[in-house]
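Remarks on the structure that follows.
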DNA sequence: CGGCTAACTGGCCGACCGGTCAATTGGGCG
DNA sequence: CGCCCAATTGACCGGTCGGCCAGTTAGCCG
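Residue numbers (our numbering), protein chains in the order written: chain A, 35 to 233; chain B, 35 to 233.
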């Protein structure tokens, strides 16, 4: 990286955060060293301690930053929508799937976070799922979706099906019979949307 | 742990593997030390090196053991079945879901493995999914399932929906609106099975 | 201009890491 | 019994870890 012409604490923090985000998400908290992060962000190890306290503090800051980006993006999409009908649900699935496709690091970040039992994103996630579930509930009451399933489970089902797809995509990329991202999405939507049609 | 009365290489290996499995799966490869594993399995660090070469060798052996258990169990279930109809698919979902519920460490093992980009289980997984997809294809040809979806995607969809549920279960255990394992499974099956009904 | 504070550096520390090696022990086999 | 080899031990190694601290530098404000 190019050196900053002048001292800028905010810029320095951002550069450290970006380098740490990449590496923590790619290889995991324990496998990344402070020395490596210092070199990658063009500062000294001591400076990272100065700004973030210790390694855990840096990791927390990385997660907070990434979660905030994710949360704001998702919430914006959720609130942009109009009437709660079947098409809205379909659209939400597509948007979520596309978001994950374009932000593979987010999937990995959530995976690491869940593995280490960190619950710092629980409330954020709960709120987003709650908003989605409310839309499903409205569509159920409008007779647009079958109403004998828990709206929260509807949202969770498609989140799970999308998230796990990208969590394992390198793994099954070239299996026989496995299609592309878009083909999987199409087939999932066929099953999911017909499975939710009212009687 | 109690000490072995007599020297038994096979038993020693098994005890090391078990202690390593627990800890690697709970906290990840990089966060576990050889010293800790030695103490936990009641042997010296040198003995672990004697039996498994180095830390990576032990991790590989742990994965190999766990994958073999998983693979044999799943294959047995897949081959026990009778005619390929809709009910068989439903039953496969239930069996897979129950297996993950009873073996939460397996979910974590796969998650770690995927995160670190290890493809050692790719062929095993591909074979199991292939077997399942073949059953789906048979049911499609028998007119028991809709035939305008890729059979591999059908299997992948339910695997993803089940796996990710358990990968995040601690995370959403007490969210408002979220039901129990069985309630989620019921709702997923409602959506999934109706979504796959032939026209 | 001068001083104060925060940004930033380099060197150092004790702890602990994975791994090695020579020595010891014990069980099985001729 | 006595040999032999694998199982097992404990001491030790060089390297690296996260963190600390005393000192330096640059911008900002009065």
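Don't be surprised by glycine CBs; every beta carbon is placed ideally from N, CA and C.
Taking 8 Å as the Cβ-Cβ cut-off, the region 201-230 of chain B approaches chain A at 201, 202, 204, 205, 206, 209, 210, 211, 212, 213, 217, 218, 221, 222, 224, 225, 226, 227, 228, 229, 230, given in chain order. Distances from the alpha-carbon of residue 83/A to those of 204/A, 76/A, 92/A put 92/A closest. Within the region 164-219 of chain A, the runs of alpha helix (DSSP H) at least 4 residues long that lie entirely inside it are, in chain order, 185-201, 203-206. Taking the Cβ atoms as the reference, residue 47/B lies roughly 51 Å from residue 228/A, outside the contact range of under 8 Å. The beta carbon of residue 186/B lies closer than 7 Å to those of 163, 167 in the same chain, with the five residues before and after it left out. One alpha carbon belongs to residue 135/A, the other to residue 76/B, and they sit about 46 Å apart.
Three or more pairs of CB atoms, one per stretch, sit closer than 8 Å, so the region 169-186 of chain A contacts the region 121-133 of chain A. In this structure, residue 183/B and residue 221/A form a Cβ contact; the two beta carbons are roughly 4 Å apart against a cut-off of 8 Å. Selection 195/A, 55/A, 107/A, 205/A evaluated against residue 155/B yields 205/A as nearest (Cα-Cα). Contact of residue 151/A with chain B by beta-carbon distance below 7 Å involves 204. In the structure shown, residue 80/B falls within a helical segment according to DSSP collapsed to helix, strand and coil. It is roughly 19 Å from the alpha-carbon of residue 165/B to the alpha-carbon of residue 195/B. Within the same chain, 95, 96, 99 come within 7 Å of residue 51/A by CB-CB distance, once the 5 residues on both sides are set aside. Burial state of residue 173/A is buried, judged by a 10 Å Cβ sphere holding 16 or more other Cβ atoms.
By the CB criterion at 8 Å, residue 54/A and residue 81/A fall outside the cutoff. In this structure, the beta-carbon distance from residue 128/A to residue 197/A does not fall below 8 Å. Proximity of residue 103/B to chain A, defined by a Cβ-Cβ separation below 8 Å, is not satisfied. Scanning the region 41-71 of chain A for uninterrupted alpha helix (DSSP H) segments of 4 residues or longer gives 43-61, listed from N- to C-terminal end. Under a criterion of Cβ atoms nearer than 9 Å, the residues of chain B adjacent to residue 197/A are, in order, 194, 198, 201, 202. Between residue 78/A and residue 149/B, the CB-CB gap reaches or exceeds 8 Å. Here the alpha carbon of residue 190/B sits roughly 29 Å from the alpha carbon of residue 56/A. By the C-beta density criterion, residue 108/B is buried, having at least 16 other C-beta atoms within 10 angstroms.
Setting aside the 5 residues that flank it on each side, residue 143/B is surrounded in the same chain by 59, 100, each with a C-beta closer than 6 Å to its C-beta; the list follows chain order. For residue 143/B, the enclosing alpha helix (DSSP H) covers residues 138-149.
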